[in-house]
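To keep things clear, I will list the structure first and then write my remarks on it.
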Amino acid sequence: MEVLLREGLSLEAGAAYLTQLLRQAARENLASSPLRERALEWIEGADLQLLFTEQALKEDWKYTPMDFLRQPWTLQPFEEKLSLSEQVAPLAIESFPIPKSPWEALLVGAPVHRHIMLASDTPLHIALRNLGGLALELITVQVPAGARREIQLSIEGTGLSLVRLHLHIEEGAQVRFYYPSEGAEPKSYRYLIFTAHVEGKASLHTYALTTGTGWKRDEVRVFLAGKEAAAYLHGAASIAEGGVVDTAVRVEHAAPHTESNQLFRSLVEAGGRSTFQGRIYVARSAQKTNAYQSHKALLTATTAAAYSRPQLEIFADDVRCTHGVSTGFLQGEMLLYLRTRGIPESLARQMIYGAFLAEVVEKIPSEALRRWAEAKLLRM
Amino acid sequence: MLTIRDLHASVEGREILKGLTLTVQPGEVHAIMGPNGAGKSTLAAILAGREGYEVTQGEILYEGTDLLEMAPEERSHAGIFLAFQYPVEIPGVSMVQFLRAALNAHRAAKNQEPLDTAELMTLLREKAALLKLDPSFLTRSVNEGFSGGERKRAEIFQMAVLEPKLVILDETDSGLDVDALRIVAEAVNALRSPERAFLIITHYHRILQHIRPDVVHILADGRIVRSGGPELAIELEEKGYEPLLNPA
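Chains as they are written, first to last, in my numbering: chain A, 1 to 380; chain B, 1001 to 1248.
Following this line, the structure appears as structure tokens:
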């Protein structure tokens, strides 16, 4: 392709090229699994060139810089390490959602598809290292009824990482999902599409912990399928210059007596950017739903940016559904208060910033990860 | 200890203080009373080092040093304490963390070793008892969810912990019920000493019934228009500001 020869593509050309690359990879790898066949139908049927031009999609990406499209990528597999070997052949997971975006459809055809049945209670650690190219991964995880499991995902290295992860959480199971991310490399682009299907009385706790620079987008979609299913989503991000942390959450309450809570905090330094879109969808049948969403962004400089878009769609009438969003600078009054007590300005700032993220960090159940977050995010 | 000479100060180009002069000696308790808009809060703000105030004329000397050249934390290290009229909430920072940082900063300024946890907790519990504060308040976030009375008590608690030389109480009595006022006043009285001075900024006479001042000043339109003994506060209480400001 001619565009390949040029340094710095236009966004449109980059998008078209990437689409073609992914489509090719998907086609070559679409072996006969019902899941992939379904994806193939979608890919063939969709006009993927609309990837970045269609209005609906644009809205979702409005505040997300996509400079990574300006370079030609080469497919290169992840160097991967999985703590468990209990992979089973890719199955047709009934709950695997119909792709909502071309990205997602293309990722169903990722060259590698792991399906893991979490039968033992050893924590599952998925460690992926990108060697600088375009790396794709599709992982589906099934958590059996009544089990308590821990899953940790880490994506390291540079390059563009596209990861599709789906959890199927059976009746009464409890899952904690950790996604710590230390974006030390400015040239790292990590795009995670995470979906979870949560059956009755099951619960999901997620912790997305991000620090540093680099580009990161987490698309999180949780489907509360059964009665008394619950999801508690947490995110704490400390975003340095040049860093982009983009979170798009959708929690769908599809059954009665379901509960969800989204608690996200972004501390944005000069030249950093935070984007948060949080949607709560309550279906007509999901009576007695209890849903809450809170996103706060604290900007440490006038060149920091934060965008928040809370969205509530409620079709049931007997629900409790609230949200709170705030974006602001450090209050001078707080700083003055600490300083009048003798605390030097730099320490005062650190205390206020740390306390802001601590609201999320102190809720991390894993001691090791809480310590990690305290050191990296709170700089304690 | 504190000398304010001919202080003129403006906020957003509007002159609020118009030649304020005041001298406070160690061991003295001064009350500054005045109607709304007289410049009471501006004076407190300038003494604390709040931004947004421009001193256009005059000077403030604290123990012979130019106070206006000192950062807020340096003023604190030098022994100045301001009890805020509206103490701010600091979510996520516990009272213990906050006072540990403050005390250790004070100690560092004096080249002293930081306090260990046991020493710190003993000190904080002792001072909390003085203010009749439940010890559980030490683990709560600074001022978060505190009632008006609790906030003011927490201010005086911090004062007791930091043991300043010059205490400025900015409308500490506002929003306090009778019992809370008594507790606050008792704590202040307990801390009165020949080395320590107090500047009580207030609108009402009420607090001065509990903390007897040595000198009462009346601040009006940016200047001290009258000074006198405690009887001046009583006169003010009986007649209001009007006859004192506009004698017939």
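We put the CB at the ideal spot given by N, CA and C, even for glycine.
Using a C-beta to C-beta distance shorter than 8 Å, which residues of chain A count as neighbours of Pro-1091 (chain B)? Result: Ala-355, Phe-356, Glu-359.
Counting Cβ pairs, one atom from each stretch, are 3 or more of them under 8 Å apart for the stretch 1065-1074 of chain B and the stretch 1228-1247 of chain B? Fewer than three Cβ pairs drawn from the stretch 1065-1074 of chain B and the stretch 1228-1247 of chain B lie within less than 8 Å of each other, which leaves the two stretches out of contact.
Inter-stretch contact (C-beta, 8 Å, three-pair minimum) for the stretch 128-137 of chain A and the stretch 90-105 of chain A: Too few Cβ pairs lie closer than 8 Å, so no.
What do you reckon, are the CB atoms on Val-1167 (chain B) and Val-1142 (chain B) nearer than 9 Å? Against a cut-off of 9 Å, the Cβ pair of Val-1142 (chain B) and Val-1167 (chain B) comes out as no contact.
I'd like the list of long-range same chain contacts for Pro-1091 (chain B), defined as Cβ closer than 6 Å, with 5 residues on each side in sequence excluded. Once the five neighbours on either side are set aside, the close Cβ partners of Pro-1091 (chain B) are Ser-1141, Glu-1144.
Quick check on Thr-210 (chain A): does DSSP put it in helix, strand or coil? The answer is strand: DSSP assigns Thr-210 (chain A) an E or B state.
If I measure Cβ to Cβ from Gly-159 (chain A) and keep anything under 8 Å in the same chain, skipping five residues before and after, which residues do I get? Within the same chain, Gly-159 (chain A) has close Cβ partners Trp-73, Gln-76, Asn-130, Leu-131, Gly-132, Gly-133, Leu-134, Ala-135, Lys-187, Ser-188, Tyr-189.
Going straight from the alpha carbon of Phe-177 (chain A) to that of Lys-201 (chain A), what length do you get? Going by the C-alpha atoms only, they are around 17 Å apart.
Hey, quick one: how far does the beta strand (DSSP E) through Asn-1246 (chain B) stretch, first residue to last? Run containing Asn-1246 (chain B): none; DSSP gives neither H nor E here.
Less than 8 Å between the CB atoms is what I'm expecting for Lys-1040 (chain B) and Ile-1201 (chain B), so what's the real figure, rounded? With 8 Å as the limit, Lys-1040 (chain B) and Ile-1201 (chain B) qualify as a contact, their Cβ atoms being about 5 Å apart.
Need the endpoints of the beta strand (DSSP E) that Trp-215 (chain A) sits in, please. 215-224 is the extent of the beta strand (DSSP E) around Trp-215 (chain A).
Compare the C-alpha of Pro-1230 (chain B) against each of B:Gly-1049, B:Ile-1224, B:Pro-1213 and name the closest. Nearest option by C-alpha distance: B:Pro-1213.
With 16 as the cutoff for other CB atoms within 10 Å, does Thr-210 (chain A) come out buried or exposed? Label assigned to Thr-210 (chain A): buried.
Buried or exposed, going by whether 16 or more other CB atoms sit within 10 Å of the CB of Lys-1152 (chain B)? Buried, because 16 or more other Cβ atoms sit within 10 Å of the Cβ of Lys-1152 (chain B).
Sub-9 Å separation of Gln-293 (chain A) and Val-1088 (chain B) beta-carbons: Contact: no.
Near Trp-372 (chain A), what residues of its chain come up, given a Cβ to Cβ distance below 8 Å and the 5 sequence neighbours on each side ignored? Cβ neighbours of Trp-372 (chain A) beyond the five flanking positions: Pro-180, Leu-209.
Cα separation between Leu-299 (chain A) and Thr-1042 (chain B)? The C-alpha of Thr-1042 (chain B) is placed about 29 Å away from the C-alpha of Leu-299 (chain A).
Outcome for Glu-1195 (chain B) when other beta-carbon atoms lying within 10 angstroms are tallied against a minimum of 16: It counts as exposed.
Bridge partners - Leu-267 (chain A), DSSP secondary structure assignment: DSSP lists A:Ser-238, A:Leu-298 as partners of Leu-267 (chain A).
Got a sec, what are the start and stop residues for the beta strand (DSSP E) His-1008 (chain B) sits in? It spans 1002-1011 - the beta strand (DSSP E) in which His-1008 (chain B) sits, taken as one unbroken run.
Beta carbon proximity, Gln-55 (chain A) to chain B, threshold 9 Å: Legend: pLDDT at Gln-55 (chain A) = 49, less than 50; position of this residue unreliable, value from coordinates given subsequently. For Gln-55 (chain A), the answer is no, since every Cβ of chain B falls outside 9 Å of its Cβ.
Could you tell me which residues DSSP pairs with Tyr-1241 (chain B) in its beta bridges? Bridge partners of Tyr-1241 (chain B): none, in fact.
According to the Cβ coordinates, are Thr-258 (chain A) and Arg-221 (chain A) closer than 9 Å? At a Cβ-Cβ threshold of 9 Å, Thr-258 (chain A) and Arg-221 (chain A) do not count as neighbours.
DSSP bridge partner residues for Gly-1052 (chain B) (one or two, in chain order): Beta-bridge pairing links Gly-1052 (chain B) to no other residue.
Alpha-carbon to alpha-carbon, Gln-24 (chain A) and Ala-15 (chain A): Between Ala-15 (chain A) and Gln-24 (chain A), the alpha-carbon positions lie close to 14 Å from each other.
Enclosing beta strand (DSSP E) for Leu-1197 (chain B) [first to last residue]: The residue asked about is misnamed: residue 1197 (chain B) is Ala in this sequence, not Leu. Counting along the chain, the unbroken beta strand (DSSP E) around Ala-1197 (chain B) starts and ends at 1197-1202.
Measure from the C-beta of Glu-1073 (chain B) to each C-beta in chain A and report whether the shortest distance is under 9 Å. Answer yes: the Cβ-Cβ gap between Glu-1073 (chain B) and chain A drops below 9 Å somewhere.
Measure the beta-carbon distance from Gly-212 (chain A) to Gly-183 (chain A) and round it to whole angstroms, keeping in mind my assumption that it falls under 8 Å. In this structure Gly-212 (chain A) touches Gly-183 (chain A) by the C-beta definition: roughly 4 Å separates them, less than 8 Å.
Whole-angstrom distance between Gln-1085 (chain B) and Ser-1174 (chain B), CA atom to CA atom: So the two alpha carbons sit approximately 8 Å from each other.
Against chain A, with Cβ distances strictly below 9 Å, would Met-1001 (chain B) count as a contact? Using beta-carbon distances, Met-1001 (chain B) does not count as an interface residue toward chain A, since no partner is under 9 Å.
Using a Cβ cut-off of 9 Å (strictly closer), state whether Ile-352 (chain A) contacts chain B. Yes - at least one Cβ of chain B is within 9 Å of the one on Ile-352 (chain A).
What whole-angstrom Cβ distance do Leu-118 (chain A) and Leu-138 (chain A) have, given they're in contact under 8 Å? The beta carbons of Leu-118 (chain A) and Leu-138 (chain A) sit about 17 Å from each other, so the pair does not count as a contact at 8 Å.
Compute the Euclidean distance between the alpha carbons of Val-353 (chain A) and Asn-29 (chain A), then round it to the nearest angstrom. According to the sequence displayed, residue 353 (chain A) carries Tyr and not Val. Spanning the two alpha carbons is a distance of roughly 46 Å.
Taking only heavy atoms of the ligand GTP into account, decide whether any of them is closer than 8 Å to the Cβ of Val-244 (chain A). As far as ligands go, the structure on display features none, and thus does not contain the ligand GTP.
Can you check which of these residues, B:Ala-1031, B:Leu-1099, B:Ala-1108, is closest to Met-1159 (chain B) by C-alpha distance? Distance check between Met-1159 (chain B) and each of B:Ala-1031, B:Leu-1099, B:Ala-1108 places B:Leu-1099 closest, using alpha-carbon atoms only.
Which first and last residues belong to the beta strand (DSSP E) in which Asn-130 (chain A) is found? Note, Asn-130 (chain A): beta strand (DSSP E), 124-143.
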